[in-house]
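*Asks:*
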Amino acid sequence: EGAAVEPARAVRALADLGHTRLLTEGGPRLLGGMVAADVLDELCLTVAPMLTAGDAQRIAGGPSVTLPNRFTLTSMLEEDGFLFTRYRRT
């Protein structure tokens with residue numbers, strides 16, 4: 275496994291270089307780290323009209339947070355049963 279990313283440190287370093295809008299794509303570990311570091315302002319989430327079973331973890335895996343962040347749905351599009359949602363931090 276490679277080195278872990280420290281989300282808060284990465285966001286600060288990129289902001290110091292003038293990058294204030296960031297797009298991250300990754301799995302549950304990266305998303306969980308972003309949530310735990312309190313650096314997530316927006317979430318784009320796609321819901322597929324399919325079900326499966328297994329041992330998959332939550333959408334965000336990692337350290338627990340004391341107080342969950344609240345997000346507000348700002349847009350939702352539907353195509354062929356897929357939902358494309360966008361949430362912004364409240």
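Letter by letter, the sequence shown follows residues 275 to 364 in the working numbering. Ideal Cβ positions, reconstructed from N, Cα and C, are used throughout, including at glycine.
1) Going by DSSP in three states, LEU325 sits in which element: helix, strand or coil?
2) For GLU280, which residues does DSSP report across the bridge?
3) Here's the rule: buried if 16 or more other CB atoms are within 10 angstroms of the residue's CB, otherwise exposed. What is LEU314?
4) When you compare the CB positions of PRO302 and ALA334, do they come within less than 8 Å of one another, or not?
5) Take ASP354 as the anchor and find which of THR320, ASP312, LEU288 has the nearest alpha-carbon.
6) Compute every distance between the C-beta of VAL309 and the non-hydrogen atoms of the ligand SAH, then say whether any falls below 7 Å.
7) Locate the beta strand (DSSP E) running through ARG363, then write down its first and last residues.
8) With a 10 Å radius around its C-beta and 16 neighbouring C-beta atoms as the bar for buried, classify LEU291 as buried or exposed.
9) Could you tell me if VAL339 is buried or exposed, where buried requires 16 or more neighbouring beta carbons within 10 angstroms of its beta carbon?
*Replies:* Reading off the structure:
1) coil
2) According to DSSP, which records beta bridges pairwise, GLU280 is partnered with nothing at all.
3) buried
4) yes
5) THR320
6) You won't find the ligand SAH in this model; it holds no ligand whatsoever.
7) 356 to 363
8) exposed
9) exposed
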